[in-house]
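Enquirer: Numbering (the working numbering), first residue to last: 5 to 54. Idealized CB from N, CA, C, for every residue including glycine.
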């Protein structure tokens, strides 16, 4: 099965989700797909600062 999308984002972490959100704010008709292997996203604010 072949699927076509306008934009493909690899990674559903904070950066991937933020990128998709910002793109959709500029153009709500975009067809965006996010590829993320994990089933759950655990938000950890400031985790990179630890």
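Find out if the Cβ-Cβ distance for the pair residue 36, residue 11 is shorter than 9 angstroms.
Expert: Here residue 36 refers to the residue found at position 32 when the chain shown is read from its first residue. Here residue 11 refers to the residue found at position 7 when the chain shown is read from its first residue. Result yes, Cβ atoms of residue 36 and residue 11 sit closer than 9 angstroms.
Enquirer: Using only alpha-carbon positions, find the residue among 19, 26, 33 and 53 that is nearest to residue 45.
Expert: Here residue 45 refers to the residue found at position 41 of the chain shown. Considering only alpha carbons, the answer is 19.
Enquirer: So who's on the other strand from residue 12, going by DSSP bridges?
Expert: By one-based count along the chain shown, residue 12 stands at place 8. For residue 12, which the question treats as bridged, DSSP gives the partners 37.
Enquirer: Can you find the residues in the same chain that come closer than 8 angstroms, C-beta to C-beta, to residue 16, ignoring five residues on each side of it along the sequence?
Expert: Stepping through the chain shown from its first residue, residue 16 is reached at position 12. So the qualifying residues of the chain are 38, 39, 40, 42 and 45.
Enquirer: Starting from residue 26, follow the alpha helix (DSSP H) in both directions and report where the run begins and ends.
Expert: Position 22 of the chain shown, counted from the start, is the residue given in the question as residue 26. Where residue 26 is concerned, the enclosing alpha helix (DSSP H) stretches over 18 to 30.
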